[in-house]
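In this note's numbering, the protein residues as written are 9 to 132. Right, one structure below, let's go through it.
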Amino acid sequence: MTTVLRVILILMSLLILVVMMRKIRHAKAKIEDSMFWVAFALLLVIFSVFPGAADWLSDLVGTMSTANFIYLLVIFLLMVKSFFMSMRISQLETRVKELVQRIALDNNTLEEQMKEMEKKEQEK
């Protein structure tokens with residue numbers, strides 16, 4: 009692994025760590041969601057500090073170079089994260105739809121009750 013790649017990995021991982029810690033501190037990100045990015049940054053730090061680990065994994069997988077392995081790994085991890093995020097979005101959309109339907113039914117029931125009360129008052 010070249011020195012330039014190692015420096016880039018360290019800088020990017022430190023940037024990710026700083027951004028995530030600031031988001032957590034200002035309550036703009038949940039800790040559970042931020043753990044992925046912290047683990048991702050730590051993995052990049054491990055690969056940049058111990059390039060032998062990345063070289064060994066690259067040889068194990070059979071990529072031509074360590075840089076290709078790291079790019080492949082990053083793309084794979086981001087695709088997995090994207091998949092889980094789209095699953096979460098889908099679940100949230102379903103919940104929002106159910107809540108909107110429930111609110112509409114509650115409002116309809118409330119309007120019917122108000123009309124019945126007005127009718128009773130007019131009859132008196």
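For glycine and all other residues, C-beta sits at the position ideal for the given N, C-alpha and C.
Task: CB-CB length for PHE55 against ILE24, believed under 8 Å - done: In the sequence shown, the residue the question calls residue 55 occupies position 47. In the sequence shown, the residue the question calls residue 24 occupies position 16. Rounded, the Cβ-Cβ distance is 14 Å, inconsistent with contact.
- [ ] Classify THR102 as helix, strand or coil using the three-state DSSP reduction.
- [x] For the purposes of this step, residue 102 is taken as the residue at position 94 of the sequence shown. Helix at THR102.
- [ ] With DSSP collapsed to three states, give me the class of PHE44.
- [x] Locating residue 44 in the sequence shown gives position 36, where the first residue counts as 1. DSSP places PHE44 in helix when its eight states are reduced to three.
Open item on the list: Looking at chain B, is there any beta carbon in it that lies within less than 9 Å of the beta carbon of GLU40?
Closed with: The chain labelled as chain B is not found in the depicted structure, where only one protein chain is given.
Open item on the list: Cutting at 7 Å between CB atoms, please list the residues of its own chain near THR71, excluding the five before and the five after it.
Closed with: On the sequence shown, residue 71 is found 63 positions in, with the first residue counted as 1. For THR71, where only same-chain residues beyond five positions count, the Cβ hits under 7 Å are PHE77, LEU80.
- [ ] Give the straight-line distance between the Cα atoms of THR74 and GLY60, rounded to the nearest whole angstrom.
- [x] Taking the sequence shown and counting its residues from 1, the one referred to as residue 74 is at position 66. Taking the sequence shown and counting its residues from 1, the one referred to as residue 60 is at position 52. Those two C-alpha atoms are separated by around 10 Å.
Open item on the list: Please state whether the Cβ-Cβ distance between SER21 and LEU65 is less than 9 Å.
Closed with: The residue labelled residue 21 in the question sits at position 13 within the sequence shown. The residue labelled residue 65 in the question sits at position 57 within the sequence shown. In this structure, LEU65 does not lie closer than 9 Å to SER21 by Cβ.
- [ ] Could you round the C-beta distance between VAL46 and MET28 to whole angstroms and report it? I think they count as a contact, below 8 Å.
- [x] Taking the first residue of the sequence shown as 1, we reach residue 46 at position 38. Taking the first residue of the sequence shown as 1, we reach residue 28 at position 20. 6 Å between Cβ atoms; contact.
TODO: Determine the burial state of PHE92: buried for a count of at least 16 other Cβ atoms within 10 Å of its Cβ, exposed for fewer.
DONE: On the sequence shown, position 84 is the one that residue 92 refers to. When all chains shown are included, PHE92 counts as exposed.
Task: Neighbourhood of LYS127 by C-beta, 8 Å cutoff - its chain only, sequence neighbours within 5 removed - done: By one-based count along the sequence shown, residue 127 stands at place 119. Nothing listed; no residue qualifies.
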